[in-house]
Amino acid sequence: MDTSEVIKRWREVKESLPVGVKLVAVSKHVPVEVIAALYRAGQRAFGENRVQELARKREALPGDVEWHMIGHLQTNKARVIVPFAAMIHGVDSARLLETIDREGARAGRVVPCLLQFRVASEESKFGMTLDEARELLESAAFARMKHARVAGVMSMATFTLDESRVREEFARSRELFETLKRDYFAGDPGFKELSMGMSGDYLLAVAAGSTLVRVGSALFRGDD
Ligand SMILES: *Cc1c(COP(=O)(O)O)cnc(C)c1O
């Protein structure tokens, strides 16, 4: 992997993002040396989807890297990353949020989490429905949580060249974000993140109101 090419593509992606939209560089499968080069260029937020890989890379990189867990997190692995994760994007069940809360208490920190919604049509994608989210946010268990903080919404669009469909799915995510904000977080400035957009669709996501894009292959492989 040519690090100067990676840095060049990183600058291009950064320049294409409006002020206020955060870039999480998705570094899964990317060697530590390449991540370190991007870190030296100024990138701080990196995303991984596997707990072990994330923990291993964290050991090898400077302490001020912001590690974002973007993949599906199994409850039995939460303990490994809760002590340091900057954000956990893929929370899709009350049980997982409760586990993060418990582990956060143990680690003595508050962990920003995003509720993942299923807006794409592919069955394999994880995510909640609005009714499931309402049930969670109205539960007594949620009211007691002090160490898992819901900071917004995350979603993935269908992997397709059909732009109108992708636009519709991002618009739906935005609507879910606004609905939750209005109904549950109206007085909470901490509920502000809409994590959507990947290499192939991040500009569409930004146009739909994304605050946080998760871009991997467009930086590291240069295809997309
Ligand atoms: C891999 C991954 C990304 C980045 O995908 P690219 O198409 O490589 O940009 C974003 N979000 C999640 C959840 C991922 O697993």
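One point on numbering: in my numbering, the residue at position 168 of the sequence shown is 224, and numbering is uninterrupted. Even for Gly, the Cβ is constructed at its ideal location relative to N, Cα and C.
beta-carbon G272 near ligand 1 non-hydrogen atom, thresh 6 angstroms: Yes, the Cβ of G272 comes within 6 angstroms of a heavy atom of ligand 1.
Coarse secondary structure for F233, derived from DSSP in three states: Judged by DSSP in its simplified three-state form, F233 adopts helix.
Reduced DSSP secondary structure (H/G/I, E/B, other) of Q172: Strand at Q172.
N105: CB within 6 angstroms of a non-hydrogen atom of ligand 1: The beta carbon of N105 sits closer than 6 angstroms to at least one heavy atom of ligand 1.
Alpha carbon of L275 to alpha carbon of A97, nearest angstrom: If you draw a straight line from the Cα of L275 to the Cα of A97, it is about 13 angstroms long.
H85 classed as buried or exposed, judged by whether at least 16 other C-beta atoms fall within 10 angstroms: It counts as exposed.
Beta-carbon proximity of F182 to H128, cut-off 7 angstroms: Yes; because the gap between Cβ atoms is below 7 angstroms, this pair is in contact.
Proximity below 7 angstroms, CB of L157 to CB of A204: One detail in the question is off: residue 157 reads as Asp in this sequence, not Leu. Result yes, Cβ atoms of D157 and A204 sit closer than 7 angstroms.
Local Cβ density within 10 Å of A242, reported as buried at 16 or more and exposed below that: A242 counts as exposed, since fewer than 16 other beta carbons sit within 10 angstroms of its beta carbon.
Three CB pairs or more closer than 8 angstroms across the region 256-273 and the region 60-80: The region 256-273 is in contact with the region 60-80.
Cβ-heavy atom distance, M254 to ligand 1, below 6 angstroms: M254 has its CB nearer than 6 angstroms to a heavy atom of ligand 1.
Option nearest A207 by Cα separation, candidates V121, V88, K237, E178: Cα-wise, what sits closest to A207 is K237.
Residues that DSSP places opposite H124 in a beta bridge: Answer by DSSP bridge pairing, in chain order: G103, M143.
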